[in-house]
Amino acid sequence: MSAGKTYYSFEMPHQKTTIMLVDDHSVVRAGYRRLLEMQPEFQVVAEAGDGPEACRQYHKHHPNLVIMDLSLPGMGGMEAARRMLSHHPQVRILIFTIHDSSVFAERALRMGVSGYITKSSDPDVLLEAVAQVAAGETYLGPDIAKELALRQISKNNSPLSQLSAKEFGIFLMMAAGNKRATIAETLHISVKTVSNYAHQIKKKLGLSTDAEVVHLAIRHGLIKT
Numbered sequence: 001m002s003a004g005k006t007y008y009s010f011e012m013p014h015q016k017t018t019i020m021l022v023d024d025h026s027v028v029r030a031g032y033r034r035l036l037e038m039q040p041e042f043q044v045v046a047e048a049g050d051g052p053e054a055c056r057q058y059h060k061h062h063p064n065l066v067i068m069d070l071s072l073p074g075m076g077g078m079e080a081a082r083r084m085l086s087h088h089p090q091v092r093i094l095i096f097t098i099h100d101s102s103v104f105a106e107r108a109l110r111m112g113v114s115g116y117i118t119k120s121s122d123p124d125v126l127l128e129a130v131a132q133v134a135a136g137e138t139y140l141g142p143d144i145a146k147e148l149a150l151r152q153i154s155k156n157n158s159p160l161s162q163l164s165a166k167e168f169g170i171f172l173m174m175a176a177g178n179k180r181a182t183i184a185e186t187l188h189i190s191v192k193t194v195s196n197y198a199h200q201i202k203k204k205l206g207l208s209t210d211a212e213v214v215h216l217a218i219r220h221g222l223i224k225t
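Each residue of the sequence shown is one higher than the last, beginning at 1 in the UniProt record's numbering.
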């Protein structure tokens, strides 16, 4: 009698969603990592504390999704996201920030990010946002979705919508009190180029001084006083 054949069934392992965390506070990143990795489908493969490091780490690891804070030292999260998207259009970025201004959210979405939620959100909102963005959807936190809807209904278009993505990033750096030389060093451009941008920004916004830039940013909730 011939021996019977033995058949083995192999189940393909579930593909995890790989994630990079970008936040300038290491203790915050550690908390997010613990929360995310409690879910079997998520794996944090990289972390970064500033924009340039985020770009380097993305190029190295190519995670499925980037969770990006906006309040980063130097170039800031908005500029980091813009650069990342310009070099890697396929990247899916979820903005996770304290900034609840619809101006920030609208600008980020126009730039191509895949989601925007605030740090006041419940942990379940973060997990839901990550799952939906990883699945190819766009996700807005309930508070941000409401603000954007009210903004659209009121047709209260901000003068900031006139600025290009590059100009908006420099506007934020000016509003934060950065000197021209600091902005130039951070963005790897000349001081003269920064000055030209600053002049064009103020011209578009009808402003005369850097102090007016700060006041406009405060009125739109873009910086905290």
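Just so it is clear, CB atoms sit at the ideal spot from N, CA and C, and this is done for glycine as well.
Check your understanding: Are the CB atoms of Y116 and I95 nearer to each other than 8 Å?
Key -> By 1-based counting over the sequence shown, the position of residue 116 is 116. By 1-based counting over the sequence shown, the position of residue 95 is 95. Cβ atoms of Y116 and I95: closer than 8 Å.
Exercise for review: Entirely within the stretch 70-109 and at least 3 residues each: give me those beta strand (DSSP E) ranges in chain order.
Suggested key: Counting whole runs of 3 or more residues, the stretch 70-109 contains the beta strand (DSSP E) stretches 92-97.
Practice item. Would you tell me roughly how many angstroms separate the C-alpha atoms of I153 and K146, rounded to the nearest one? Key: Walking along the sequence shown from the start, residue 153 turns up at place 153. Walking along the sequence shown from the start, residue 146 turns up at place 146. Residue confidence is low: I153 scores 48 on pLDDT, short of 50, so the model does not pin down where it sits. Its coordinate-derived value is still stated next. Taking the straight line joining both Cα atoms gives about 11 Å.
Review point. Which stretch, first to last residue, makes up the beta strand (DSSP E) that contains L65?
Key: For the purposes of this step, residue 65 is taken as the residue at position 65 of the sequence shown. Its beta strand (DSSP E) spans residues L65 to M68.
Review point. Three-state secondary structure (DSSP) at Q39?
Key: For the purposes of this step, residue 39 is taken as the residue at position 39 of the sequence shown. It is coil, neither helix nor strand.
Point to revise | Through-space distance from T209 to K155, alpha-carbon basis | key: Locating residue 155 in the sequence shown gives position 155, where the first residue counts as 1. Locating residue 209 in the sequence shown gives position 209, where the first residue counts as 1. Low local confidence applies: a pLDDT of 49 at K155 is under 50, so the model's placement there is unreliable, with the coordinate-based value given in what follows. Cα to Cα, the separation comes out at about 27 Å.
Exercise for review: Counting only the same chain and skipping the five closest in sequence on each side, list residues whose C-beta sits under 7 Å from that of L216.
Suggested key: Along the sequence shown, read from residue 1 onward, the residue named residue 216 stands at position 216. Here the set comprises L205 and L207.
Review point. So what does DSSP say about Y183, is it helix, strand or coil?
Key: Numbered from its first residue, the sequence shown carries residue 183 at position 183. Contrary to the premise, residue 183 reads as Ile rather than Tyr in this sequence. Reduced to three states, the DSSP call for I183 is helix.
**Study point:** Residues near T186 in its chain [Cβ-Cβ closer than 8 Å; skip 5 each side]
**Key:** Counting from 1 along the sequence shown, the entry for residue 186 is found at position 186. Once the five neighbours on either side are set aside, the close Cβ partners of T186 are G74, M75, M173 and N178.
Review point. Excluding five sequence neighbours on each side, which residues of the same chain lie with their C-beta closer than 6 Å to the C-beta of A80?
Key: By 1-based counting over the sequence shown, the position of residue 80 is 80. So the qualifying residues of the chain are G51 and A54.
Check your understanding: Leaving out five residues before and five after A184 in sequence, what residues of the same chain have Cβ atoms less than 8 Å from its Cβ?
Key -> Start at 1 with the first residue of the sequence shown, and residue 184 comes out as number 184. Cβ neighbours of A184 beyond the five flanking positions: S190, V191, T193 and V194.
Practice item. Give the C-beta separation of L85 and M111 to the nearest angstrom, bearing in mind that I take them to be a contact with Cβ-Cβ under 8 Å. Key: To locate residue 85, count along the sequence shown from 1; it is residue 85. To locate residue 111, count along the sequence shown from 1; it is residue 111. The Cβ separation is near 6 Å, so the contact holds.
Check your understanding: In three-state DSSP terms, what is T138?
Key -> Against the sequence shown, residue 138 aligns to sequence position 138. When DSSP states are grouped into helix, strand and coil, T138 belongs to the coil group.
Review point. Just checking, does the stretch 132-145 make contact with the stretch 20-33 on the three C-beta pairs under 8 Å criterion?
Key: With a cut-off of 8 Å on Cβ pairs, the stretch 132-145 is not in contact with the stretch 20-33, counting fewer than three such pairs.
Check your understanding: Can you round the beta-carbon distance between V66 and V91 to whole angstroms, since I take them to be within the 8 Å contact cut?
Key -> As a position in the sequence shown, residue 66 is number 66, starting the count at 1. As a position in the sequence shown, residue 91 is number 91, starting the count at 1. In this structure V66 touches V91 by the C-beta definition: roughly 6 Å separates them, less than 8 Å.
Review point. First and last residue of the alpha helix (DSSP H) that includes L205?
Key: On the sequence shown, residue 205 is found 205 positions in, with the first residue counted as 1. Per DSSP, L205 belongs to the alpha helix (DSSP H) from V191 to L205.
Review point. Are V214 and A165 close, meaning C-beta to C-beta below 8 Å?
Key: By one-based count along the sequence shown, residue 214 stands at place 214. By one-based count along the sequence shown, residue 165 stands at place 165. Not a contact, by the Cβ cut-off of 8 Å.
Practice item. Please confirm whether N64 and I19 have their CB atoms less than 8 Å apart. Key: Mapped onto the sequence shown, residue 64 falls at position 64. Mapped onto the sequence shown, residue 19 falls at position 19. Contact: yes.
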